[in-house]
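First comes the structure, then the notes that go with it.
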Amino acid sequence: MSRDTGDNLNRNLSGNLPMDSVLDSYLSRRSVVRGSLGAAIAMIAGTGLTGCFDSSDSNDDDPVVEPPAKPKLKLGFTSIAGSRTDACVVAAGYSAYVLAPWGTPLNSKANPWKADGSNTSNDQLNSVGMHHDGMHFFPINGSSEDGLLGINFEYIDADALHPNGPTTDAGGKRPAEEVRKEINAHGAGVIRLKKISGRWQVVDNDPLNRRFTSATVMTISGPLRGTDHVKTRFSVNGTQARGTNNNCGNGFTPWGTYLTCEENWPGIFINKSATLPADQKRIGVGTSSGNYKWETAAGDASEVDGEFTRFNVTPTGASATADYRNEASTYGYIVEIDPYNASAPAVKRTAMGRFRHEGCCPAFPVVGKPLVWYMGDDSQNEYLYKFVSTALWEAADANPADRIATGNKYMDKGKLYVSRFNADGSGVWLLLDVDTMTSTGKTLGSMYGDLAGIILNTRGAADALGATPMDRPEWTTVNPLNGDVYLTLTNNSSRTAAKVDAANPRGPNRHGHIIRWHDSDNHTSFTWDIFVFGANAAGTADINRSGLTELNQFASPDGMSFDSRGILWFQTDNGEKTLTDYTNDQMLAVIPSDLVDANGKQVPVNAQNQVDLRRFFVGPNGCEVTGIAFTPDNKSIFVNIQHPDNWPTTDVATAVTAAGSKVRPRASTVVIQRNDGGEIGV
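So that you can map any letter, position 674 of the sequence shown is 765 in the working numbering, and since no number is skipped, the others follow by simple counting.
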């Protein structure tokens with residue numbers, strides 16, 4: 092979640108207690124237990140894992156001729172200093188170029204972007220959206236030079252979007268044209284990219300170029316489909332929703348579809364009822380006005396099918412199908428998009444829970460076993476979730492004829508869990524289902540009726556089960572070398588020293604940390620440790636627990652992903668003054684498998700090994716660095732620059748905006764390549 096969107100309020104009033112342990116004693120006596128994933132995972136990962144598995148049980152007496160050992164992966168760049176300029180900075184030997192900035196036309200229906208902000212709502216509907224965030228690269232025929240970029244557009248800067256900022260009339264109403272333009276700047280997209288003469292370019296007017304906005308009609312699938320919870324005047328049978336909003340982190344599937352995550356969407360709605368429904372109160376639907384006041388355009392002569400009225404979810408009719416009281420219930424989900432099929436509908440996968448979704452990273456697909464996705468709920472003191480499919484993975488489904496139908500198979504039925512982190516380094520996954528008993532002796536079914544009711548109230552159900560409140564759980568990612576799962580915990584200003592626990596040991600937590608765990612085979616338990624603590628290098632011992640230096644100090648880890656080789660890349664959305672005075676937001680890299688003790692066991696980042704955590708990239712002033720995508724050959728890496736203050740001026744991302752000059756800022760994707768054409772990072 093960008094620090095510029097959402098209210099980041101603590102809405103968890105459950106009273107769930109943190110684990111009462113002292114982290115220092117915990118860290119001194121344990122390291123996380125690593126489990127073997129077997130040869131099947133090694134084959135899927137496509138990496139040499141000989142050193143990761145025990146082969147001592149062989150009974151063959153003949154001498155074994157071992158193949159030459161693969162050189163150990165090492166970072167090949169020097170950590171760079173922080174930067175405070177209107178330009179990107181990247182490690183020596185690399186170049187960074189601007190690609191697909193806000194307003195780039197995707198087809199002939201859009202006019203070119205205009206620096207005065209005068210583009211129309213129709214232009215915006217057919218162009219790249221605003222404030223780029225999560226993304227994933229989908230190769231065309233396996234190519235590393237031709238592919239599709241699935242990408243999120245999290246929110247808008249209305250001052251930059253319109254010529255003179257947003258306007259209202261004397262009665263406080265927003266103009267319909269402005270509202271439509273804002274609606275069309277949100278959502279997600281699919282963009283065709285090609286590498287031509289060594290430089291990546293957007294393929295204009297490609298038939299696969301596509302936008303999904305806050306008005307795009309989408310299919311509702313899973314437990315809530317057709318229920319009374321999601322029936323509206325627009326969809327009286329509860330099978331369709333309109334739009335996706337505040338799309339932050341992302342995920343993907345083994346069959347080649349894109350998952351976009353609805354995060355701070357509650358802010359677009361308003362409910363003026365005396366008493367809010369429990370789910371709306373718990374998730375943060377407002378009671379005075381929406382973030383952008385889209386609801387004020389209701390009644391405009393040009394309004395079609397309640398396109399603006401729907402943002403006011405106050406009941407006005409005799410039933411749910413006579414008004415839009417359930418419109419907010421159609422938001423808060425993982426949305427699946429088939430990037431390879433421009434006619435396939437986007438689908439809201441309700442079985443995966445309803446909350447402020449940040450990311451949705453899959454575990455490795457293993458034939459004969461269920462599929463798993465890990466998801467954070469990005470607000471203070473919210474929870475970590477995972478979804479486990481009922482269907483068992485079949486290899487043939489990696490290349491299906493119908494990707495959305497494959498999504499129906501694996502993502503509409505399964506088990507939704509929420510996590511509890513124990514002080515001894517163990518953890519349990521708590522099942523959100525009708526028969527699950529709460530601490531009060533009630534079942535979730537008795538509290539919420541059926542599975543659809545539980546999912547509608549995902550946060551409340553997690554409260555009732557005693558899940559561990561976390562320090563803003565955001566992106567998840569899985570290590571391709573051993574299956575460990577990592578989660579960024581960005582910060583938590585509302586956690587007091589009296590409420591710290593082993594998994595969230597600093598209160599208030601202004602710097603954030605990254606936690607990791609390894610799941611059991613039965614999906615009900617896990618073991619965990621804290622991989623790295625964000626900190627300023629000059630911080631106290633309690634703050635700088637990982638021994639960071641000026642060359643790798645960071646705060647508020649956010650976007651994060653492993654590449655296929657096992658390099659962990661993570662980005663920051665920092666608001667801690669000591670760090671913001673030193674550097675803009677950044678991207679760092681580390682290889683967790685390189686951080687081992689004398690016995691070869693992986694350990695967290697500490698004062699002895701912190702040199703292997705390196706700053707690779709710094710963004711321009713005012714920005715958040717977010718979103719990570721890789722080409723299959725790891726020779727290009729895509730990152731996003733969100734809400735820059737005064738950038739870019741050219742297509743060279745590292746070009747510094749001239750002193751005293753002012754440009755209309757454009758959020759943009761930046762593509763980074765090594766100058767000699769080699770793999771990134773090594």
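The C-beta atom is built at its ideal place from N, Cα and C for all residues, glycine as well.
CB contact flag (residue i, residue j, <8 Å)
i	j	result
residue 677	residue 653	no
residue 510	residue 588	no
residue 699	residue 643	no
residue 626	residue 240	no
residue 442	residue 505	yes
residue 329	residue 318	yes
residue 554	residue 494	no
residue 757	residue 739	yes
residue 440	residue 503	yes
residue 675	residue 711	yes
residue 246	residue 765	no
residue 763	residue 728	yes
residue 717	residue 649	yes
residue 424	residue 227	no
residue 220	residue 244	yes
residue 581	residue 551	no
residue 212	residue 268	yes
Close Cβ partners of residue i (< 6 Å) along its chain, the five nearest in sequence each way excluded
i	result
residue 294	283, 285
residue 634	626
residue 539	545, 548
residue 773	167
residue 118	Confidence in residue 118 is poor, its pLDDT being 38 and thus under 50, which makes the residue's placement unreliable; the coordinate value appears in the next sentence. Taken in chain order, the list of residues that qualify is empty.
residue 142	Below a pLDDT of 50, predicted positions are generally treated as unreliable, and residue 142, at 30, falls in that range; the measurement from the model is reported next regardless. Same-chain partners within the cutoff: there are none.
residue 465	452, 477, 567, 576
residue 658	680, 682, 772
Between the CA atoms of residue j and residue i - distance to the nearest angstrom
i	j	result
residue 383	residue 242	22 Å
residue 180	residue 725	20 Å
residue 164	residue 682	8 Å
residue 121	residue 606	Interpretation of residue 121 is limited by its pLDDT of 35, a score under 50 that renders its predicted location unreliable; no figure is taken from the coordinates.
residue 752	residue 206	14 Å
residue 776	residue 697	Given that the chain is displayed from residue 92 to residue 773, the structure contains no residue 776 and the question cannot be resolved.
residue 666	residue 174	15 Å
residue 742	residue 749	15 Å
residue 322	residue 610	38 Å
residue 446	residue 518	22 Å
residue 386	residue 420	17 Å
residue 326	residue 417	10 Å
residue 138	residue 229	Here residue 138 scores only 32 on pLDDT, less than 50, and its place in the model is too uncertain to base an answer on.
residue 459	residue 343	20 Å
residue 406	residue 360	13 Å
residue 471	residue 278	24 Å
residue 183	residue 172	11 Å
residue 258	residue 661	38 Å
residue 715	residue 671	11 Å
residue 355	residue 473	13 Å
residue 266	residue 730	34 Å
residue 378	residue 231	46 Å
residue 640	residue 623	13 Å
residue 569	residue 254	43 Å
residue 339	residue 288	32 Å
residue 688	residue 455	26 Å
residue 404	residue 362	5 Å
residue 782	residue 104	With the chain running from 92 to 773 in the structure shown, residue 782 is simply not present.
residue 761	residue 190	6 Å
residue 802	residue 543	This structure cannot speak to residue 802, because the chain is shown only from 92 to 773.
Contact set for residue i: own chain, Cβ-Cβ below 7 Å, skip 5 residues either direction
i	result
residue 487	none
residue 346	488, 489, 491, 494, 497
residue 210	194, 202, 204
residue 256	249, 250
residue 252	208, 221, 272, 273, 276
residue 215	272, 275, 276
Residues near residue i in its chain [Cβ-Cβ closer than 8 Å; skip 5 each side]
i	result
residue 598	583, 586, 587, 588, 589, 590, 591
Any non-hydrogen atom of the ligand FMN within 7 Å of residue i CB
i	result
residue 457	Inclusion of the ligand FMN in the displayed structure is not the case, the ligand content being empty and no account of it being possible.
Length-filtered (4 minimum) alpha helix (DSSP H) runs lying within the region 177–265: 212–216, 249–252
The region 185–197 touching the region 605–621, judged by at least three CB pairs closer than 8 Å: no
Segment contact flag, the region 561–570 with the region 520–534, C-beta cutoff 8 Å, min 3 pairs: no
Continuous beta strand (DSSP E) assignments of at least 3 residues falling wholly in the region 482–563: 505–512, 517–522
Complete beta strand (DSSP E) runs within the region 680–706 (minimum length 3 residues, chain order): none
Uninterrupted beta strand (DSSP E) stretches inside the region 296–340 (no shorter than 3 residues): 301–303, 308–312, 331–333
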